[in-house]
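When the letters of the sequence shown are read in order and numbered with numbering that gives the first Met the number 0, they come out as residues 0 to 199. Just so it is clear, CB atoms sit at the ideal spot from N, CA and C, and this is done for glycine as well. What follows is one structure encoded as structure tokens, with my remarks underneath.
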Amino acid sequence: MYDLRPHFDEEVEPGTNLLLTGPPLTGKRSLMMDVLAAGTERGDGAIVVTTKDGAERVLKDYQKRTAYEGKPVAVVDCVTRQQGVNDVRESDRIKYASSPVDMTGIGIKLSEFLQAFGDRGIEQNRVMVHSLSTLLMYSDLQTVFRFLHVFTGRIQSVNGLGLFSIDSTSHDEQAMNTLKQLFDGVITVPEDEEPKIRLA
0 MYDLRPHFDE EVEPGTNLLL TGPPLTGKRS LMMDVLAAGT ERGDGAIVVT TKDGAERVLK
60 DYQKRTAYEG KPVAVVDCVT RQQGVNDVRE SDRIKYASSP VDMTGIGIKL SEFLQAFGDR
120 GIEQNRVMVH SLSTLLMYSD LQTVFRFLHV FTGRIQSVNG LGLFSIDSTS HDEQAMNTLK
180 QLFDGVITVP EDEEPKIRLA
């Protein structure tokens, strides 16, 4: 089981994918990082797929939550190369997709990290994607839906925990309802209330 503390006194089954929805700047990224960091402290793997911040910034924020040196913490960075920085080198901790449009690349990099963690005997992995809104800015709903169908399936197949954020105010209701079908539960992060979780 995956414990969702510190934010929720709730446990979810392995293979669960959750959608965090709320307006921009309500702390969805921070909440996901906290749940991943709590997992790191228990020995779970953590993989951050970022379409908004470069890997260095993500790792700096993560370091504030938990000391991750020598632990299975990794980032799939979809930002840096898109900004034209091409001399960055991949490492055991950071892999680069060419841009948020490169969904095939994003999926491959995720699988490489899951494989590497599996080879190290790590059985529980927490994966966060920040943010689906960026993917929807560059690609149509159908493309993103197909990508997520495969991506959430991959997390399910390794008994992982998937956390995906979306800015609810940036997309119409039809898009939101279409994407919600792919998830086992929704965490609503309102502007001035506590986040609420609803599991299917």
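Asked: Reduced DSSP category for L181 - H, G, I as helix; E, B as strand; rest coil; Found: coil
Asked: Member of P71, V75, P189 and I107 whose CA lies at the smallest distance from the CA of Q129; Found: According to the sequence shown, residue 129 is His rather than Gln. Selected option, being the one with the closest Cα: V75.
Asked: Segments assigned alpha helix (DSSP H), at least 4 residues, entirely inside the region 45 to 128; Found: 54 to 64 and 102 to 118
Asked: C77 vs V48 beta-carbon contact at 9 Å; Found: yes
Asked: L134 vs V126 beta-carbon contact at 9 Å; Found: no
Asked: I165 classed as buried or exposed, judged by whether at least 16 other C-beta atoms fall within 10 angstroms; Found: buried
Asked: Meets three-Cβ-pair contact criterion under 8 Å: the region 37 to 47 and the region 181 to 190; Found: no
Asked: As assigned by DSSP and simplified to three states, the class of G14; Found: coil
Asked: Run of the alpha helix (DSSP H) containing F144, from where it starts to where it stops; Found: L140 to S156
Asked: R28 - DSSP class collapsed to helix/strand/coil; Found: helix
Asked: beta-carbon D139 near the ligand PLP non-hydrogen atom, thresh 8 Å; Found: With respect to small molecules bound, the structure shown includes none, and the ligand PLP cannot be examined in it.
Asked: The beta strand (DSSP E) enclosing S164, as first and last residue numbers; Found: L160 to D166
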